[in-house]
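Undergrad:
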Amino acid sequence: MNQIEWNDFSKVALRVGRVLSAEPFPEARKPAYKLQIDFGPDIGIRQSSAQITTHYTPANLVGKLVVAVVNFPAKQIGPFISECLVTGFHDAQGDVTLCIPEHEVPLGTRLL
1 MNQIEWNDFS
11 KVALRVGRVL
21 SAEPFPEARK
31 PAYKLQIDFG
41 PDIGIRQSSA
51 QITTHYTPAN
61 LVGKLVVAVV
71 NFPAKQIGPF
81 ISECLVTGFH
91 DAQGDVTLCI
101 PEHEVPLGTR
111 LL
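If you read the sequence shown in UniProt numbering, its first letter stands for residue 1, the second for the next number, and so on.
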């Protein structure tokens with residue numbers, strides 16, 4: 001495993017946001033949802049495409065806190081522009097489980 005310096009890690013803005021809306025993204029190559037996520041007043045609302053359809057439904061995503069990288073450039077995914085990268089872990093079957101805070105924290109809080 002390659003080691004990185006603290007300065008390398010500090011360049012990645014991992015922030016907490018709350019999912020405001022989630023809807024199916026039928027145009028995606030792999031099953032995905034289109035998410036609207038509120039990162040608080042300093043960052044605002046960003047949208048993301050997330051391949052998390054196995055463990056989550058749109059209804060149980062709304063209101064959930066998530067951790068996302070907010071300083072990547074926007075990425076075109078079919079007809080959709082993804083403005084942040086929601087983080088998660090692959091389970092034994094390769095499906096994504098979200099990386100989420102265990103307790104309530106203010107929107108926009110940075111992972112340290």
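Ideal Cβ positions, reconstructed from N, Cα and C, are used throughout, including at glycine. The structure presented is a predicted model; accordingly, all values stated were derived computationally and were not measured.
With DSSP run on the structure shown, which of helix, strand or coil describes LEU61?
TA: If DSSP states are grouped into helix, strand and coil, LEU61 belongs with the helices.
Undergrad: Buried or exposed for GLY94, going by 16 or more other Cβ atoms inside 10 Å?
TA: Exposed, by the Cβ-count rule.
Undergrad: Which two residues bound the contiguous beta strand (DSSP E) that contains ASP38?
TA: Looking at the DSSP string, the run of the beta strand (DSSP E) that includes ASP38 is 33-38.
Undergrad: In terms of residues, what are the limits of the alpha helix (DSSP H) holding PHE25?
TA: Note, PHE25: premise wrong, no alpha helix (DSSP H); not H, not E.
Undergrad: Please name the residue or residues paired with THR97 in a DSSP beta bridge.
TA: In DSSP, THR97 forms a bridge with PHE89.
Undergrad: Within the same chain, show all residues whose beta-carbon is closer than 7 Å to that of THR53, passing over the 5 residues directly before and after it, in chain order.
TA: Here the set comprises PRO31, ALA32, TYR33.
Undergrad: Quick check: the Cα distance between ASP8 and ALA22, rounded to an integer number of angstroms?
TA: One C-alpha to the other measures close to 32 Å.
Undergrad: For GLY108 and ASP42, which I take to be in contact (beta-carbon distance under 8 Å), what is that distance rounded to the nearest angstrom?
TA: Between ASP42 and GLY108 the Cβ distance is about 5 Å, and since that is below 8 Å, they are a contact.
Undergrad: Given that a residue counts as buried once 16 or more other Cβ atoms are within 10 Å of its Cβ, and exposed if not, what is GLY78?
TA: Result: exposed.
Undergrad: Three-state secondary structure (DSSP) at VAL9?
TA: The sequence given here has Phe at residue 9, not Val. Helix, per DSSP.
Undergrad: Rounded to whole angstroms, what's the CA-CA distance from SER49 to TRP6? Just pull it up for me.
TA: Their backbone Cα atoms lie some 29 Å apart in a straight line.
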